[in-house]
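With positions in the sequence shown counted from 1, the corresponding number in this note's numbering is that position plus 3.
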Amino acid sequence: MESQKKFPPTFSFELFPPQTPEGVEKLRLTRQQLARFNPKFFSVTFGAGGSTRERTLETVLEIQAEGHVVAPHLSCIGSTQQNIRAILEKYYEAGIRHIVALRGDLPSGMAQAGEFRYASELVAFIRQEYGSSFHIEVAAYPEYHPQARSAQADFDNFKRKIETGASSAITQYFYNADAYFHFVELCESAGLNIPVVPGIMPINKFSQLVRFSDTCGAEIPRWIRKKLESYGDDSESIQAFGLDVVTGLCEQLLQAGAPGLHFYTLNSANLTSAIWQRLNLHAH
Ligand code: FAD
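Laid out in structure tokens, this is it:
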């Protein structure tokens, strides 16, 4: 873990592009609240196949105009090189130099695979077209990606993303710190000297967490699942217990030398702010 240590650690906040004018307004408030923590960047998700293309772009440009560093996500599955080039060009012209490069998952009913099969091909494409202009983040899976043929094949893919030019990584969320520590050890053994920032999912609603976790392959440890189940509809207790669990995880990660934390905020500042305050972190 020594290779990961960074002082001070960096923090970033993930947002998704809102669908309604109310959502846009709410997101502005969320950003104002989170901006107090002086994040390294805000990131904005992008629906594969271009489903959120315009909304992502609008949100990204608004954040950039507010003077924050913004890292747009870019999912390549279902897209042509021409589409991806056009998006990158808009970002480049707007002065954006940080991209989260992903494969994405095709929405059900959309059969077109497009010109990119894997995130590593997108990373290679960005480097080919823009040289070192962009800082490129990629996704890492300490508990392995659900479609991976094997743990080794998944790690080999991660390695390929770094070798084709990714600068750093953000992990899928997890509640078991050992999975992250093991992943970082694998990186060290493979000579991959890039920051791997843990992705942190605050616990809000049990049903929502189960749904996300089933799709993305993140494990909810049995003891956490059982406790959350036992609270039934008592959302206050779920959130209070979730705050304890997630704050404890963040403490453990930072103490062990994680280079920072990336929060999946789901466009709400409350839980992320509460975790931040409990961690007694300072804005740098
Ligand atoms: P890849 O790295 O391409 O891997 C996908 C799968 O293919 C893995 O199982 C891998 O092992 C396998 N694989 C890769 N290369 C090969 C090969 N050459 N041969 C055989 N198998 C191979 N999704 C969105 O749609 N929009 C977002 O904004 C978004 N943001 C995310 C942010 C983070 C930090 C994370 C962790 C995930 C995000 N996702 C997002 C979800 C992500 O798109 C999905 O997890 C998707 O299924 C995989 O994307 P990837 O970039 O990790 O794909």
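Ideal placement from N, C-alpha and C gives every residue a C-beta, glycine not left out.
Rounded C-alpha distance that separates Q242 from K208: Straight through space, the alpha carbons of K208 and Q242 are spaced by roughly 8 Å.
Report the residue ranges of all beta strand (DSSP E) runs contained in full by the stretch 124 to 196; include only those spanning at least 3 residues, in chain order. Counting only runs that start and end inside the stretch 124 to 196, the beta strand (DSSP E) elements of at least 3 residues fall at 138 to 143 and 171 to 176.
With DSSP run on the structure shown, which of helix, strand or coil describes I102? The answer is strand: DSSP assigns I102 an E or B state.
As assigned by DSSP and simplified to three states, the class of E17: DSSP, reduced to helix, strand and coil, places E17 within a strand of the structure shown.
Taking DSSP as the reference, what is the three-state secondary structure of S111? DSSP places S111 in coil when its eight states are reduced to three.
Closest to R228 by CA distance: which of K43, V213 and Q35 is it? Comparing Cα-Cα distances from R228 to each of K43, V213 and Q35, the minimum goes to V213.
Going by the beta-carbon positions, is the gap between S171 and E191 smaller than 7 Å? In terms of Cβ geometry, S171 and E191 do not form a close pair [threshold 7 Å].
CB contact flag (F2, P145, <7 Å): The question about residue 2 has no answer, for the chain in this structure spans 4 to 287.
Which whole-angstrom value is the C-beta distance of P12 and G194, which I expect to be below 8 Å? In fact, because the Cβ distance is near 23 Å, the residues do not count as touching under 8 Å.
Report the rounded CA-to-CA distance for T62 versus Q175, giving the unit in angstroms. Cα to Cα, the separation comes out at about 23 Å.
At a cut of 8 Å, does the stretch 20 to 37 reach the stretch 86 to 106 through at least three beta carbon pairs? The stretch 20 to 37 vs the stretch 86 to 106: no contact.
Around the ligand FAD, Cβ to any heavy atom closer than 5 Å, ordered along the chain: Chain-ordered list of matching residues: T48, F49, A51, H76, S78, L105, R106, G107, D108, Y121, A122, A142, H148, Q150, A151, D157, N160, I173 and Q175.
Could you compute how far the alpha carbon of A259 sits from the alpha carbon of S111? In a straight line, the C-alpha of A259 is about 40 Å away from that of S111.
For I278 and P205, which I take to be in contact (beta-carbon distance under 8 Å), what is that distance rounded to the nearest angstrom? At roughly 6 Å, the Cβ-Cβ gap stays under 8 Å, so I278 and P205 are in contact.
Anyone know if the C-beta pair for A74 and S46 falls short of 7 Å? Their beta carbons are under 7 Å apart, which means A74 touches S46 by this criterion.
Collapsed DSSP secondary structure at P12 in the structure displayed: Taken through DSSP and simplified to helix, strand or coil, P12 comes out as coil.
Alpha-carbon spacing of L256 relative to A51, whole angstroms: The straight-line gap from Cα to Cα measures roughly 30 Å.
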